[in-house]
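Q:
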Amino acid sequence: MLYDLKGEDNMSPMVGVLYSAVKENSERLQRITEGMSQEEIDYKGYNGTFNSTAQLLRHILYVDLNWVYRIKGEPLPQTSIEQFGPMIDEHNKLPMVNEIPRNLLTSQYEDVLQMIKDSCNQLTDDDLDRVVLFGHENEKQATIRWGLWHMADHSRYHQAHINQLRKWYSQQS
Numbered sequence: 228m229l230y231d232l233k234g235e236d237n238m239s240p241m242v243g244v245l246y247s248a249v250k251e252n253s254e255r256l257q258r259i260t261e262g263m264s265q266e267e268i269d270y271k272g273y274n275g276t277f278n279s280t281a282q283l284l285r286h287i288l289y290v291d292l293n294w295v296y297r298i299k300g301e302p303l304p305q306t307s308i309e310q311f312g313p314m315i316d317e318h319n320k321l322p323m324v325n326e327i328p329r330n331l332l333t334s335q336y337e338d339v340l341q342m343i344k345d346s347c348n349q350l351t352d353d354d355l356d357r358v359v360l361f362g363h364e365n366e367k368q369a370t371i372r373w374g375l376w377h378m379a380d381h382s383r384y385h386q387a388h389i390n391q392l393r394k395w396y397s398q399q400s
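Residue numbers (the working numbering): 228 to 400.
Here is the structure:
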């Protein structure tokens, strides 16, 4: 198998490279969560104080969904906020996610990935220089280029947490 970062045929070169990084990390996320039971998806570590895989999957989805709408230059629809949000709860923690099957979480993320792809199909490499606001209070600025890179990097970051949860879970079973 040849590994490469090459975009879709109808994407600008740099947009395609960034999109392919997001896509590759999405595929990796699917692989590392395959075969997880509901108990393992909801497992929060030895002492129950860590984010579960379900929480992390929902968080990755919600962060990426927010970026899709930033790229589009549109506000995140209220229906999406109600379905997948909030970003953090009243205790500044990831919201609780319980008893949602892995297949539903990953299917919902596949829908977001399709939205990312559709958005990237509309972008030119020059569009990557456009600056958008982000952060819990929209207090930060970033280019679309950075946003696409961040989606891939953010997913990888939380995949490490999921791998650690899987290790702990297997040691307890």
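All C-beta atoms, glycine included, are put in the ideal place defined by N, C-alpha and C.
By Cβ distance, which residues of its chain are closer than 8 angstroms to M263, with the 5 residues on each side in sequence left out?
A: Hits under 8 angstroms: T280, R329, R393.
Q: Taking 8 angstroms as the threshold (C-beta atoms), are N252 and K379 in contact?
A: Per the sequence presented here, residue 379 reads as Ala, with Lys not at that position. The answer is yes: Cβ separation under 8 angstroms.
Q: In chain order, which alpha helix (DSSP H) runs of at least 4 residues are fully inside the stretch 276-352?
A: The stretch 276-352 contains these whole alpha helix (DSSP H) runs: 280-299, 305-311, 329-349.
Q: Is it buried or exposed for H318, if we count other Cβ within 10 angstroms and need 16 for buried?
A: It is exposed - the Cβ of H318 has fewer than 16 other Cβ atoms within 10 Å.
Q: For the beta strand (DSSP E) containing K367, list its first residue and its last residue.
A: First-last of the beta strand (DSSP E) with K367: 367-370.
Q: Pick helix, strand or coil for L232, following the three-state DSSP scheme.
A: L232: coil per DSSP, three-state reduction.
Q: Taking the straight line between their C-alpha atoms, what separation do you get for L355 and I308?
A: Cα to Cα, the separation comes out at about 26 angstroms.
Q: Give me the Cα-Cα distance between F277 and H385, rounded to the nearest whole angstrom.
A: When rounded, the distance between both Cα atoms is 12 angstroms.
Q: Kindly give me the distance between the Cβ atoms of R372 and L232, rounded to whole angstroms, as I take these residues to be in contact under 8 angstroms.
A: At roughly 14 angstroms, the Cβ-Cβ gap does not stay under 8 angstroms, so R372 and L232 are not in contact.
Q: If I measure Cβ to Cβ from K367 and keep anything under 6 angstroms in the same chain, skipping five residues before and after, which residues do I get?
A: Within the same chain, K367 has close Cβ partners F361.
Q: Grab me the residues of P240's own chain with a C-beta within less than 8 angstroms of its C-beta, minus the 5 sequence neighbours each way, in chain order.
A: Same-chain partners within the cutoff: G234, D352.
Q: How close, in whole Å, do the beta carbons of L283 and H377 come, if the pair is a contact with beta carbons under 8 angstroms?
A: Their Cβ separation, rounded to whole angstroms, is 16 angstroms, which puts L283 and H377 out of contact at 8 angstroms.
Q: Could you give the distance in angstroms between the alpha-carbon of G272 and the alpha-carbon of Y396?
A: C-alpha separation (whole angstroms): 7 angstroms.
Q: Could you tell me if G374 is buried or exposed, where buried requires 16 or more neighbouring beta carbons within 10 angstroms of its beta carbon?
A: Buried.
Q: Tell me, which residues are paired with L360 by DSSP?
A: Per DSSP, Q368.
Q: Taking G243 as part of the alpha helix (DSSP H), name the residues at either end of that continuous run.
A: Run containing G243: 240-260, per the alpha helix (DSSP H) assignment.
Q: Nearest to V359 by alpha carbon, out of G300, P322, N274?
A: With distances taken between Cα atoms, V359 lies closest to G300.
Q: Just tell me which of L321, N274, G243, M228 has its CA closest to the CA of G349.
A: In the sequence on display, residue 349 carries Gln and not Gly. Ranking the options by Cα distance to Q349, first place goes to G243.
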